[in-house]
Structures are given as structure tokens and as C-alpha cells.
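One structure below.
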Amino acid sequence: MVLVRGLLGDVLRRKRLRQGRTLREVSADARVSLGYLSEVERGQKEASSELLAAICTALDVPLSAVFAEVSQDLAREEALVLAHPAIEPEVVASAA
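Put into C-alpha cells, the structure is as follows:
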């Protein structure tokens, strides 16, 4: 099963790293605890819409762009699962 929170966390982490920013910088700008932001990026916490908006504002990225990228990643994961139904999505994704 593909977890959207994991894909969302991956997208947020990629955007942050592309900007060369640290978790500490983004958490301060978003007014979110460092630990909580880390858990969101690792897909361990479900982020509220308010929290996602704050993170996106801190990253200067539209929330719609984040969701669009998550949607693309989800479609790719689903296609991999359909192509290899006996294999867990994480295994297929890491092999791609």
C-alpha cells in the first residue's frame, strides 16, 4: 500500500534540499517544531492543512505545486504496483 503521507514528506524534503535549506531553517520560518517537521518529511506524521500551508509558505512553494508533485509520484507508485503486484511498493520504487 502506498502511503500519501510518505510521498508528501518526500516531496517536501526534496523541495527543501533543492533550496539548500536545513530542517532548522524551514521549521523556524514555518513556526513548526523541528522534530515535527522531521516526522512529516519522513512520512511518520499526517500534516494538517494549516501545517502544510505554513511549510509551503516557508519554502515559498505553492501548496498546489506540492500536491501536483505528490500526485505524479503516486501515479508512478501505483503503476509500479500494478506492473509488479507481488512486490511491495517501497521495494519496487527503490529498484527503479
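Using my numbering, read the sequence shown as starting at 1354 and increasing by one per residue. Backbone N, C-alpha and C fix where the C-beta goes; we use that ideal spot for every residue, glycine too. Every value quoted in this text rests on a predicted model; they were computed, and no experiment measured them.
**Q.** Whether L1376 touches E1394 by CB criterion (9 Å)
**A.** yes
Using the C-alpha atoms, what's the distance from A1381 back to L1360? 23 Å
Assign E1431 to one of two classes, buried (16 or more other C-beta atoms within 10 Å of its C-beta) or exposed (fewer than that). exposed
Quick one: what does DSSP say T1375 is sitting in, helix, strand or coil? Correct three-state label for T1375: coil.
Subject >> Cβ-based neighbour list, K1398, same chain, cut-off 8 Å, excluding 5 preceding and 5 following >> reply: R1358, Y1389, E1392
Checklist entry - Hey, how far is the Cα of V1364 from the Cα of S1386? => result 19 Å
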